[in-house]
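Participant: Starting off with a structure, shown below.
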Amino acid sequence: MTEWKEFSVAVNNEAKEAVSSILMELGSSGVSISDRHDFLQLPEYCEDTLWDLDEKDFPEDGVIIKGYFTEYDELDRIEKDLTHQIKELNNYGIAIDHLSITINDVKVEEWSSAWKKHYHPVNVTRFLTIVPQWETYEKSFSDERVAYLDPGLAFGTGTHPTTQLCLQALETCVFPEAKLFDVGTGSGILSIAAHLFGAKEVHAYDLDEVAVKSARDNIKLNKLEEIIQVRANDLLKGINAKADIIAANILTEVILPFIPDAYERLEDNGYFIASGIIMDKKDKVIESLLEHDFEILQINQMKDWVAIISKKIKKEE
Ligand SMILES: C[S@@+](CC[C@H](N)C(=O)[O-])C[C@H]1O[C@@H](n2cnc3c(N)ncnc32)[C@H](O)[C@@H]1O
Numbered sequence: 002m003t004e005w006k007e008f009s010v011a012v013n014n015e016a017k018e019a020v021s022s023i024l025m026e027l028g029s030s031g032v033s034i035s036d037r038h039d040f041l042q043l044p045e046y047c048e049d050t051l052w053d054l055d056e057k058d059f060p061e062d063g064v065i066i067k068g069y070f071t072e073y074d075e076l077d078r079i080e081k082d083l084t085h086q087i088k089e090l091n092n093y094g095i096a097i098d099h100l101s102i103t104i105n106d107v108k109v110e111e112w113s114s115a116w117k118k119h120y121h122p123v124n125v126t127r128f129l130t131i132v133p134q135w136e137t138y139e140k141s142f143s144d145e146r147v148a149y150l151d152p153g154l155a156f157g158t159g160t161h162p163t164t165q166l167c168l169q170a171l172e173t174c175v176f177p178e179a180k181l182f183d184v185g186t187g188s189g190i191l192s193i194a195a196h197l198f199g200a201k202e203v204h205a206y207d208l209d210e211v212a213v214k215s216a217r218d219n220i221k222l223n224k225l226e227e228i229i230q231v232r233a234n235d236l237l238k239g240i241n242a243k244a245d246i247i248a249a250n251i252l253t254e255v256i257l258p259f260i261p262d263a264y265e266r267l268e269d270n271g272y273f274i275a276s277g278i279i280m281d282k283k284d285k286v287i288e289s290l291l292e293h294d295f296e297i298l299q300i301n302q303m304k305d306w307v308a309i310i311s312k313k314i315k316k317e318e
């Protein structure tokens with residue numbers, strides 16, 4: 002199950018917007034601001050709402066800004082960059098005083114509702130918009146594809162750079178009638194998007210039972226149970242069928258040993274989309290893909306993350 006880390010930054014009021022932007026730029030999946038002024042202005046009906054607000058969470062001086070990251074993010078680097086960039090604000094005319102940063106594990110049951118406050122429709126690629134289950138949304142252009150999502154406890158709100166890179170790659174590679182394997186499906190977002198881009202048959206796998214349930218729920222939400230099959234599985238172990246496209250947004254340590262299997266499970270000229278690769282490990286993955294008869298088609302980067310689109314070249318008989 003994906004673990005979440007909450008970075009809490011206590012800082013003076015003047016820095017509130019700038020610190021929120023820094024957290025988002027570092028890849029936070031959402032930002033919340035605890036400002037006593039806002040708390041005191043809350044209308045009475047808020048007492049009955051889902052949000053259990055506690056006055057002690059709203060400091061007398063300054064604000065607390067919270068950002069959310071996952072175990073897939075480089076937490077040490079984020080903490081270092083966050084501290085450095087906040088201190089740098091002094092040079093831009095935003096005086097920083099009483100800065101403190103704390104990092105806490107977020108209990109998964111808290112996370113499943115906490116992030117909902119910060120999650121709204123996002124247009125993640127040229128054609129794809131992800132809409133939270135609880136929002137109503139009108140298409141803003143005729144060929145827009147809309148995926149409804151309630152990621153709950155699984156990874157994949159669609160906004161993490163590794164997911165966005167995969168979604169962009171799918172928009173490029175999926176052709177009508179394609180068959181796709183989504184390895185490490187999380188919330189099921191890549192499978193749903195693949196179908197919206199034209200795939201006719203999709204198989205989604207995840208090692209984590211929570212992800213399998215979340216993907217099933219989301220697939221049902223999008224009424225795609227006939228098209229997308231989900232099951233618990235370790236990578237593609239024990240799967241004998243072949244696909245036109247394999248997408249895997251998993252860490253490099255898992256991608257590397259998976260490359261020979263991905264080759265075997267692809268049709269000739271099939272595409273392998275590998276994401277979740279941190280910049281420093283890009284060359285290792287490229288080297289291994291080339292060694293295993295893949296042709297590199299695209300290397301795409303977002304923040305410190307890389308996704309590689311490669312194509313299976315048929316081995317000489
Ligand atoms: C970074 S998340 C990606 C989720 C989603 N596909 C996305 O792009 O947002 C990686 C997922 O891979 C799953 N995973 C990790 N190792 C796996 C393995 N050996 N076999 C199948 N799934 C695995 C995790 O449980 C997690 O749900």
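My numbering runs 1 ahead of the 1-based position in the sequence shown. Where is the CB? At the ideal position from N, CA and C, for every residue including glycine. Keep in mind it's a predicted model, so treat the numbers as computed, not measured.
#1: How is H121 classed by DSSP in three states: helix, strand or coil?
#2: Does the distance from the C-beta atom of A16 to that of I79 stay below 8 angstroms?
#3: Are the Cβ atoms of L181 and A249 separated by less than 8 angstroms?
#4: Note down the Cα distance separating S143 from I193, rounded to an integer number of angstroms.
#5: Does F259 come out as helix, strand or coil in the three-state DSSP assignment?
#6: Candidates Q169, F8, H161, P133: which alpha carbon is nearest R127's?
#7: Give me the Cα-Cα distance between N14 and I66, rounded to the nearest whole angstrom.
#8: For K313, list the residues DSSP reports as bridge partners.
#9: Within its chain, find whatever has a CB closer than 8 angstroms to the CB of V10; leave out the 5 residues flanking it on each side and keep chain order.
#10: Closest to S188 by C-alpha separation, out of K221, L208, T158, would be which residue?
#11: Give me the DSSP bridge partner(s) of N301.
#12: Just curious, the alpha helix (DSSP H) that Q86 is in, first and last residue?
#13: Classify D284: buried if its beta carbon has 16 or more other beta carbons within 10 angstroms, exposed otherwise.
#14: Any idea what DSSP makes of L150, helix, strand or coil?
#15: Please determine, among L150, S141, E139, K140, the residue with the shortest C-alpha to C-alpha distance to I131.
#16: Pick helix, strand or coil for S320, following the three-state DSSP scheme.
#17: Might you give, ordered along the chain, the residues of its own chain that have their beta carbon closer than 7 angstroms to the beta carbon of H196, omitting 5 neighbours on each side?
#18: Would you kindly work out how many angstroms separate the C-alpha atoms of I297 and I310, rounded to a whole number?
#19: Give the secondary structure of E268 by DSSP, where H, G and I count as helix, E and B as strand, and everything else as coil.
#20: Compute the distance between the beta-carbons of L166 and S276, then report whether it is under 8 angstroms.
#21: With burial defined as no fewer than 16 other Cβ atoms inside 10 Å of the residue's Cβ, what is the status of T163: buried or exposed?
#22: Please report the straight-line C-alpha distance between K6 and K316, rounded to a whole angstrom.
Facilitator: Checking against the coordinates, here is how it stands:
#1: coil
#2: no
#3: no
#4: 19 angstroms
#5: helix
#6: Q169
#7: 10 angstroms
#8: F295
#9: V20, L24, I65, I66, K67, G68, L83, I87, L100, S101, I102
#10: T158
#11: A308
#12: 76-89
#13: exposed
#14: strand
#15: L150
#16: The requested residue 320 is not part of the displayed model; the chain covers only 2 to 318.
#17: V203, L225, I228, I229
#18: 6 angstroms
#19: strand
#20: yes
#21: buried
#22: 45 angstroms
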